Structures are given as C-alpha cells and as structure tokens.
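Peer 1:
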Amino acid sequence: SQTIHQWPATLVQPVGSPLSLECTVEGTSNPNLYWYRQAAGRGLQLLFYSVGIGQISSEVPQNLSASRPQDRQFILSSKKLLLSDSGFYLCAWSRDREDTQYFGPGTRLTVL
Amino acid sequence: SQQGEEDPQALSIQEGENATMNCSYKTSINNLQWYRQNSGRGLVHLILIRSNEREKHSGRLRVTLDTSKKSSSLLITASRAADTASYFCATGFNTDKLIFGTGTRLQVFP
Chain A
329 SQTIHQWPAT LVQPVGSPLS LECTVEGTSN PNLYWYRQAA GRGLQLLFYS VGIGQISSEV
389 PQNLSASRPQ DRQFILSSKK LLLSDSGFYL CAWSRDREDT QYFGPGTRLT VL
Chain B
666 SQQGEEDPQA LSIQEGENAT MNCSYKTSIN NLQWYRQNSG RGLVHLILIR SNEREKHSGR
726 LRVTLDTSKK SSSLLITASR AADTASYFCA TGFNTDKLIF GTGTRLQVFP
C-alpha cells in the first residue's frame, strides 16, 4: 500500500531563517506531487506541483521554492522566512492528473 | 480565484440529523471530488463523481452533480459526532492539478 510522510510535524522558526520541509511517498512510482498551504480556518492554496523528477510548476510567486530530487521526494524550501509564511503545509500525491489526491499529515509552521 | 465555493461556510447540527453542503464552481470540469479534514490533520478523499454522472453513494454519503448549474452537493445522512470536520470540494479539468474550494466546517453535537 502507499503511504506519504511529512516532516517535521511542527516547526517554530525565527523570521529570516531558512526552511526545508520534506515529503516522501512510498509504494508507488512516478506520482504527481503537490505542496499546499492552509491558513487557519481557511481553504487550501496550491503552492507547487510536480509531474516528474526536476519538473516543478509554481502557482504563486512568493518566498518559497520546491524541488524534486528523487521520484518520490518533494522538498519545500525558503532561504529567508517571513511572518506571512506561517501556516499548515500539506503535501499530497496522485497517480494521475485530476485523480484522487492522498495527503500527508501536514507540517505546522510558525514564524516568529 | 478559486474554482470551488462551498456553502454554507459553517453548519451546526445534532447527531442523527442530515447535513447538506453545496459546492459551486465556475468552469467546465472532468470530475468533482469531496474531501474531509479533521482539525489539524491532512485531507482524506471521500468520493469522486465524474462529469457524466449525476449521483453517487458511499455509505452514509450521497453526492449529486448538476453540470448545468455548475454545482454539487454532499449529503451526510444520520450524522454522528465523529463527522465533525471541514469538508472541501475540488474540481479537475484537463490540468495536472485540482482546485479546492474554501470548505464547510461541520459541527455535529451529541
């Protein structure tokens, strides 16, 4: 069966510090991968998605970047965090475009 | 702007009652999906309905789709306290991504 992991589960970082959130998927190959951010009590904002290694599509220009160094690994990064980067970050995968998405447990990021 | 908009934004009911949430979208779709999110957790897929389908059932869930009105509804029958969560619709149309709505927060009181 397929599983998706995200870490860390929670993170508190000072403004201006770097960020690296990791997402890995097990039990499938060549998944579509997605990073979302969710503000408290709000909907999901798609940040990045990837249909293959090294292929990254950015949805919202901002202080973040994403990389896919391996088939089942998706990394969200920032060189300098802003207060507005705080939120709940969710990684998801799907087998194909528009297919069911399977979400990880999320990372709660607080920037102080 | 977001493709899906759920209505109502929040819903409070008693156990045993039915809960109905609506989703409206703006453009053509290939499918529409409903997801559930418990507080502080990831989303869980509930049901997918294709654009050529009008109704779909899964346990206590019933989803309808009206492509002429660009809307869908999710009905949860005989609700339980454990159904308390946020519910999101998401649409897909010839892209590599889904567009999620803003969600309905459902509170079921025992």
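Protein sequences appear in the order of chains A and B.
Take the position in the first sequence, starting the count at 1, then add 328; the result is the number in the numbering used here.
Take the position in the second sequence, starting the count at 1, then add 665; the result is the number in the numbering used here.
For every residue, glycine included, the Cβ atom is placed at its ideal position computed from N, Cα and C.
Fair warning: this is a prediction, and the values are worked out from it, not measured in the lab.
(1) Measuring straight from C-alpha to C-alpha, what distance separates R715 of chain B and E426 of chain A?
(2) I think L409 of chain A touches S345 of chain A, with their Cβ atoms under 8 Å apart; what is that distance to the nearest whole Å?
(3) Would a check of beta-carbon distances place F376 of chain A closer than 7 Å to chain B?
(4) Under 7 Å, CB to CB, which of the residues in the region 412-426 of chain A have a partner in chain B?
(5) Could you work out which residue in B:F753, B:L713, B:R725 and B:N696 is closest to C688 of chain B when comparing CA atoms only?
(6) Could you check the C-alpha separation between G434 of chain A and R365 of chain A for me, to the nearest Å?
(7) Would you report the Cα separation of L676 of chain B and G757 of chain B, rounded to the nearest angstrom?
(8) Thinking C-alpha only, which one of B:S704, B:K691, B:S737 and B:L740 is nearest S751 of chain B?
(9) Could you spell out where the beta strand (DSSP E) holding E670 of chain B opens and where it closes?
(10) Can you confirm whether the region 677-686 of chain B touches the region 735-749 of chain B when touching is taken to mean that 3 or more C-beta pairs between the two stretches lie within less than 8 Å?
(11) Return the bridge partner residues of N703 of chain B from the DSSP annotation.
(12) By alpha-carbon positions, which one of B:K735, B:V773, B:G768 and B:Q772 ends up nearest to E671 of chain B?
(13) Please state if the CB of W699 of chain B and the CB of L711 of chain B are separated by a distance shorter than 7 Å.
(14) Label A368 of chain A either buried or exposed according to how many other C-beta atoms from any shown protein chain fall within 10 Å of its C-beta, with 16 as the threshold for buried.
(15) Going along the region 745-770 of chain B in order, which residues come within less than 9 Å of chain A, judged by CB to CB distance?
(16) Can you give me the C-alpha to C-alpha distance between E350 of chain A and T760 of chain B, rounded to a whole angstrom?
(17) S716 of chain B by DSSP, collapsed to three states: which one?
(18) Which of the three DSSP states is assigned to D427 of chain A in this structure?
(19) How is L763 of chain B classed by DSSP in three states: helix, strand or coil?
(20) Are T356 of chain A and Q330 of chain A close, meaning C-beta to C-beta below 7 Å?
Peer 2: Let me lay it out:
(1) Reading the second sequence from its first residue, position 50 is the one you call residue 715 of chain B. Reading the first sequence from its first residue, position 98 is the one you call residue 426 of chain A. Those two C-alpha atoms are separated by around 11 Å.
(2) Looking up residue 409 of chain A in the first sequence gives position 81. Looking up residue 345 of chain A in the first sequence gives position 17. With a Cβ gap of about 5 Å, L409 of chain A and S345 of chain A count as contacting.
(3) As a first step, residue 376 of chain A must be located in the first sequence, where it is residue number 48. At a cut-off of 7 Å between beta carbons, F376 of chain A makes no contact with chain B.
(4) Against chain B - using a Cβ distance shorter than 7 Å - the residues of the region 412-426 of chain A are L418, R425 and E426.
(5) Position 23 of the second sequence, counting from 1, holds the residue named residue 688 of chain B. For the options B:F753, B:L713, B:R725 and B:N696, the alpha carbon positioned closest to that of C688 of chain B is the one of B:F753.
(6) Here residue 434 of chain A refers to the residue found at position 106 when the first sequence is read from its first residue. Here residue 365 of chain A refers to the residue found at position 37 when the first sequence is read from its first residue. Taking the straight line joining both Cα atoms gives about 9 Å.
(7) Counting from 1 along the second sequence, the entry for residue 676 of chain B is found at position 11. Counting from 1 along the second sequence, the entry for residue 757 of chain B is found at position 92. Between L676 of chain B and G757 of chain B, the C-alpha separation is close to 26 Å.
(8) Residue mapping note: residue 751 of chain B aligns to position 86 of the second sequence, counting from 1. The shortest CA-to-CA distance from S751 of chain B to any of B:S704, B:K691, B:S737 and B:L740 is the one to B:S704.
(9) The sequence position of residue 670 of chain B within the second sequence is 5, counting from 1. Counting along the chain, the unbroken beta strand (DSSP E) around E670 of chain B starts and ends at E670 to D672.
(10) Flag = yes, the region 735-749 of chain B and the region 677-686 of chain B touch.
(11) If you number the second sequence from 1, residue 703 of chain B lands on position 38. The partner list for N703 of chain B (beta bridge, DSSP) is empty, contrary to what the question assumes.
(12) Numbered from its first residue, the second sequence carries residue 671 of chain B at position 6. Out of B:K735, B:V773, B:G768 and B:Q772, B:G768 has the C-alpha closest to the C-alpha of E671 of chain B.
(13) For the purposes of this step, residue 711 of chain B is identified with residue 46 of the second sequence, where counting begins at 1. For the purposes of this step, residue 699 of chain B is identified with residue 34 of the second sequence, where counting begins at 1. Taking 7 Å as the cut-off, the beta carbon of L711 of chain B is found closer than this to the beta carbon of W699 of chain B.
(14) Reading the first sequence from its first residue, position 40 is the one you call residue 368 of chain A. Burial call: exposed.
(15) Contact residues of the region 745-770 of chain B toward chain A are S751, F753, A755, T756, G757, F758, N759, T760, D761, K762, L763, I764, F765, G766, T767, G768 and R770 (C-beta to C-beta distance below 9 Å).
(16) Within the first sequence, numbered from 1, the residue matching residue 350 of chain A stands at position 22. Within the second sequence, numbered from 1, the residue matching residue 760 of chain B stands at position 95. Distance between the alpha carbons of E350 of chain A and T760 of chain B: 25 Å.
(17) By one-based count along the second sequence, residue 716 of chain B stands at place 51. Coil.
(18) Residue 427 of chain A sits at position 99 when you count from the first residue of the first sequence. DSSP, read as helix, strand or coil, puts D427 of chain A in coil.
(19) Taking the first residue of the second sequence as position 1, residue 763 of chain B is located at position 98. It is coil, neither helix nor strand.
(20) As a first step, residue 356 of chain A is located in the first sequence; it is residue number 28 there, counting from the start. As a first step, residue 330 of chain A is located in the first sequence; it is residue number 2 there, counting from the start. Yes, the pair counts as a contact, with Cβ atoms nearer than the cut-off.
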